[in-house]
Every structure is written in structure tokens, then in C-alpha cells.
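Worksheet: the structure to be examined is printed underneath.
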Amino acid sequence: TATVLLRGDTGTGKEVLARTIHGLSPRAEKNFVAINCGALPENLLESELFGYRKGAFTGADRDKPGRFALAEGGTLFLDEIGEVSPALQVKLLRVLQEHEYEPLGGTKPVASDARIICATNRDLNEMLELGTFRQDLYYRINVIALDLPPLRRRLEDLADLAEIFLDTAVARTGKKITGFTPDAFRAFYTYDWPGNIRELENVIERATVLTTAGAIDLDVLPPELQTEKIDSKSKSRIDTQSETSRYSPSTQPANVSLTETRERAEKACIITALDANDWHRGNTAQTLGMDKATLWRKMKKYTIQE
């Protein structure tokens, strides 16, 4: 039930990680509800979060549950928490402190049992200094903090991520795509990925649409990936991955199930949490919302070692 704060640039996979944490927790059978706090004006965001009662405002002809109600017993993912106004920060603080809230137009508090996972691409410490983010709310949401580095700083994960996204795209389209050619794979490693994991996923989905069968080649990648120049450091990374990554056009189609794809994501999530907690299993188990015995079994299953 501990609150988790995910910090990272746009597109680094914060919602994917939040969903994985939810899926690994005892709340997995309940709803995972996400809302982008920066995408809505303050008054609309408040009604979306807390819901409203009939007659609360013009046009409110019935009660409407908010995201907290929809996430009851499950997980509520508050993306871009740094965009929340000071006034609404006070109301979120009450939920975290008292585990209750009042819908708009309501007169009685409603109990809340939703685990909160927050995410931001902003520097909340700087916002604390500027007085635009409440210190007490920050301490409440920063119980467990995980930093997601940009993709350009975690290229050792690129091959696995590319295969996961390709497996997902192939499963959805039914195409017989076997992997990536060396030229395509080289382009992945020499590109800077300003859009991070989200951009990688979009690139692979686009390439899957444009590829009939066989391996994804350089000519179906966006122009910006085709013009990157390779350097010695990138060449070394490619050579390191070449024996284990599915990039060769001669590779046979892999019958990778959605279960296996999920297991890969689960393994990556566990390793990320272990790294963030300096491989302290007790703290890692708490981060992931599981007991230490379950964490140990999963580490053994995936042969995860420090």
C-alpha cells in the first residue's frame, strides 16, 4: 500500500512500470485507473478525481463516481503530479492522510482504499523551493521513489524492449516478422531517442505495419533513424548484443506468447526495483507490493542475481 513516486522524462515508461507494480501487488485483481493531471483544467480535474453529486453544478443531473472511487481497492496512477494546482494539492493531501475525500457537492466524506502511484517529469525539489508544490504532500507521495533514466542512458535494455514491442505488434497484426536486420538494429543504437521508450514503441509499430514479412529493415524506419552515424561506442554496444538479440534476417519466427512477453516485462520491473533499492530484498518487496518470499521465488524463476 506504500505510495510510489516515479520520476523520469516523458516517454520513459512510467505508466508501464506503474501497471507492472500494480500487476505484481495483492491489488492486481482490482482496477488500475490512470489520469493525466496535466491534461485537464483544475475544476475538471477535481471532478474527475473525486466525482460529484447530483446538483453539484449546472448539468449535474446524476451522481458520478470519480477516479478514486473507480480505483477502490486497486491502484490510482496520478501522472504528471507536478501539474496539480496548490488548491487541489491540499485535497490530495487529505486523501493520503485521512484516506477519505468529498465528492463535489457532497456533504459526507467517502472512505478511500486506493493505492496511489504518482509520476512526474518535473523537478519536484525545485518546485518545493519555489513554493509551487506542498512539502507535506511531497513527503506523502515520496515514500518509495524510482527514477527512470532516459532510453539513451539505458541502451543495454534496448534489445529486450525492442523485442517486447515487436512481439506485441506481431501478436496484434498476425504478421510473420522474424526480427530486425543488422542495419535496422544498428540504427536503434546510434539514435538518441528523445521520445524515449514511447518513441521506440511507436517506431516498431510503424515498421511492423510497413513490413510484410521477414525482418524489419532500415528502409521502413523513420528518416531520422536512417541518417544517424555510427560511432565506436555504439558499434561496441551492437557487437555485444549481436549474439543474444533477435536482429538477424535469418532468425526463425519465435512463437512468443503474451505470457512470455509479460514475464519479460515483469523481470525488467523487478531488476529496476532491485537497483533502486540497492538490492535490499525487503525494501524491493515493499516497493513491488509483494512479500519477500514471493520476490525470492520470482528472482529464482527469472535467475536474477546481483
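Residues 1 to 306, numbered by this note's numbering, are exactly what the sequence shown covers, in order.
For each residue, glycine too, the CB sits at the ideal point set by N, CA and C.
Residue i and residue j closer than 8 Å at C-beta
{"i": "N336", "j": "E80", "result": "Shown here, the chain extends from 1 to 306; a query on residue 336 therefore has no answer."}
{"i": "E266", "j": "L24", "result": "yes"}
{"i": "G51", "j": "G38", "result": "no"}
{"i": "L146", "j": "Q135", "result": "no"}
{"i": "L221", "j": "T181", "result": "no"}
{"i": "S288", "j": "A276", "result": "Just to set this straight, residue 288 is Leu in the shown sequence, not Ser. No, they are not a contact pair."}
{"i": "K175", "j": "T208", "result": "yes"}
{"i": "G11", "j": "N196", "result": "yes"}
{"i": "L200", "j": "L225", "result": "no"}
{"i": "I216", "j": "A184", "result": "yes"}
{"i": "S112", "j": "V95", "result": "yes"}
Opening and closing residue of the beta strand (DSSP E) in which residue i lies
{"i": "V33", "result": "F32 to N36"}
{"i": "R134", "result": "Neither: R134 is in no beta strand (DSSP E) and is coded neither H nor E."}
{"i": "R115", "result": "R115 to T120"}
{"i": "L76", "result": "T75 to D79"}
{"i": "A213", "result": "A213 to I216"}
{"i": "L5", "result": "V4 to G8"}
{"i": "L295", "result": "Premise fails: L295 lies in the alpha helix (DSSP H), K292 to K301, not in any beta strand (DSSP E)."}
{"i": "L146", "result": "I144 to L148"}
Boundaries (first-last residue) of the alpha helix (DSSP H) holding residue i
{"i": "I164", "result": "L158 to T173"}
{"i": "I197", "result": "N196 to L210"}
{"i": "T190", "result": "P182 to T190"}
{"i": "T284", "result": "R281 to L288"}
{"i": "L88", "result": "P86 to E98"}
{"i": "Q226", "result": "P223 to Q226"}
When the options are compared against residue i, the one with the closest alpha-carbon
{"i": "D63", "options": "G105, G82 and L92", "result": "G105"}
{"i": "G73", "options": "H99, F57 and R115", "result": "R115"}
{"i": "N31", "options": "G13, L76 and L137", "result": "L76"}
{"i": "A69", "options": "K54, I144, L78 and V110", "result": "V110"}
{"i": "W279", "options": "M299, R206, E205 and Y191", "result": "M299"}
{"i": "T132", "options": "D157, I117, V90 and V170", "result": "V90"}
{"i": "E263", "options": "T3, R122 and E163", "result": "E163"}
{"i": "Y302", "options": "A169, L45, I270 and L40", "result": "I270"}
{"i": "L166", "options": "E156, D157 and T178", "result": "T178"}
{"i": "W193", "options": "G59, I216, A213 and P149", "result": "P149"}
{"i": "Y101", "options": "T20, V143 and E46", "result": "E46"}
{"i": "L123", "options": "E98, N283, E201 and L6", "result": "Correcting the residue identity first, residue 123 is Asp in this sequence and not Leu. Comparing Cα positions, the closest option is L6."}
{"i": "L210", "options": "A169, R186 and L295", "result": "A169"}
{"i": "N125", "options": "L93, A71, G13 and Y139", "result": "Y139"}
{"i": "A285", "options": "I144, K108, E156 and Y189", "result": "I144"}
{"i": "L137", "options": "F57, R27, C118 and D61", "result": "C118"}
Please give me, in chain order, every unbroken run of the beta strand (DSSP E) with length at least 3 that falls completely inside the stretch 24-73. 32-36
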